[in-house]
Amino acid sequence: MARGSVDWPRRLLTVCVGIPTALKLLQYDIGMWCLATGLCLLALLEFATSITRRIVTPRSAVTCAGTTAHLALLLTLSGAVCTTAASYEKIMHDAVMTVSVFTLCCFHLALIERVDLHALMAMLLDVFAFLYVVSGFSHAILLRNATPFGFAFQVLGLSCAWVCDSGALVAGSLFGSVKLAPSISPGKTLVGAIAGILSSAGTVVLFYKVPLWMGLAQQFLPAISLSEQIVLGLVLGFLCIAGDLVESLLKRVADVKDSGTFFPGHGGCLDRMDSFLFVAQALYYYSAFRFAV
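Using my numbering, the first residue of the sequence shown is number 817, and each one after it goes up by one.
In structure tokens:
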């Protein structure tokens, strides 16, 4: 969706290495958990160090944001949430998530030396990080066992997010002129957003149609009508754009370009996975209520 120079060689190399690796890990429950948990911890670490610390700490020395104890608590609690999600017990997952958020709030309140807006902001940013980052990855884990088609839905969600990002980037770079949200991200364009959403819809349709075109029975995804495929793809595409804009807003406030450098040519883990966080949660609830046995 962004216009301007793109490091295409490094970007494509990362894709060629990253996608096969991710697909291989997703084939196994333990590999899937390691992948999701590792990405979650890395994205949360980027959130705390690149966003929360830059927004809060320079203005208020009394907050605990960015301290070793703060980071250790964040990573421990997020690891607990992801581990609980691997049990595929939604009620237990929600309970651990609630306790984790409560624990974070108590941690902040216990260390506040002076009540001010920035101390409150540090606590609220941690709560948001759990609802945005940790909940996204933990629901990606829960998605695996929500229905018999969990693996396929995981791959579908990742594919929609990545194709939406790529379609938006290419279309925005070539044809974009009208800005989507210039105050949040000056590089994102309306054409790019529309192309990304349509690309997501096309991805869902292709996931259903390609096996039929190849003469293979559809065994991996539940049968739904073409209209439902299109609507599902459009909704997932919209959520991809929304997730991207949320992270762009956070980076704008923190005055940083990228959350990190983990993925060459793409930026940090949060930069690469922001489009997937809302998608994972939406797919979980869609599949759980629509196809649960």
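The C-beta atom is built at its ideal place from N, Cα and C for all residues, glycine as well.
For C832 and G973, I'd like the C-alpha separation in whole angstroms. Rounded to whole angstroms, the separation of the alpha carbons of G973 and C832 is 18 Å.
S1103 bridges to which residues according to DSSP? In the DSSP output, where bridge partners are listed per residue, S1103 has none listed.
C-alpha distance - G992 paired with V943, whole-angstrom precision: Across the structure, G992 and V943 are spaced so that their CA atoms are roughly 35 Å apart.
Grab me the residues of L887's own chain with a C-beta within less than 8 Å of its C-beta, minus the 5 sequence neighbours each way, in chain order. Leaving aside the five residues that flank L887 on each side, the residues in its chain whose CB is nearer than 8 Å to its CB run, in chain order, L861, A864, T865.
In the structure shown, what three-state DSSP assignment does P1002 receive? Looking at P1002 - three-state DSSP - the assignment turns out to be strand.
According to the Cβ coordinates, are Y904 and L958 closer than 8 Å? Closer than 8 Å, so yes.
Can you tell me where the beta strand (DSSP E) holding A997 begins and where it ends? For A997, the enclosing beta strand (DSSP E) stretches over residues 995-997.
Applying the criterion that 16 or more other CB atoms from any shown protein chain within 10 Å of the CB defines a buried residue, is F1092 buried or exposed? By the neighbour-count rule (16 or more Cβ atoms within 10 Å), F1092 is buried.
Close-in-space but distant-in-sequence residues of the same chain around M1089 (CB under 7 Å, 5 per side omitted): Closer than 7 Å at the Cβ level, and outside the excluded window around M1089, lie L855, A859.
Look at the alpha carbon of R960 and the alpha carbon of Y1102, and state the distance between them as a whole number of angstroms. Rounded to the nearest angstrom, the two C-alpha atoms are 13 Å apart.
Return the chain-ordered list of same chain residues with a C-beta closer than 6 Å to the C-beta of D981, the five sequence neighbours on each side being excluded. Answer for D981: S1091, listed in chain order.
Which residue spans inside the segment 1020-1099 form an unbroken alpha helix (DSSP H) run of at least 4? Listed in chain order, the complete alpha helix (DSSP H) runs (minimum 4 residues) inside the segment 1020-1099 are 1042-1070.
In three-state DSSP terms, what is Q843? In the structure shown, Q843 sits in coil (DSSP, three-state: anything other than H, G, I, E or B).
Please list the segments of the beta strand (DSSP E) lying wholly inside the segment 899-983, counting only runs of 3 or more residues, in order along the chain. With a minimum length of 3 residues, no continuous beta strand (DSSP E) run stays inside the segment 899-983.
Who are the Cβ neighbours of L1048 in its own chain at under 6 Å, not counting the five residues just before and after it? Only V1020 meet the Cβ criterion.
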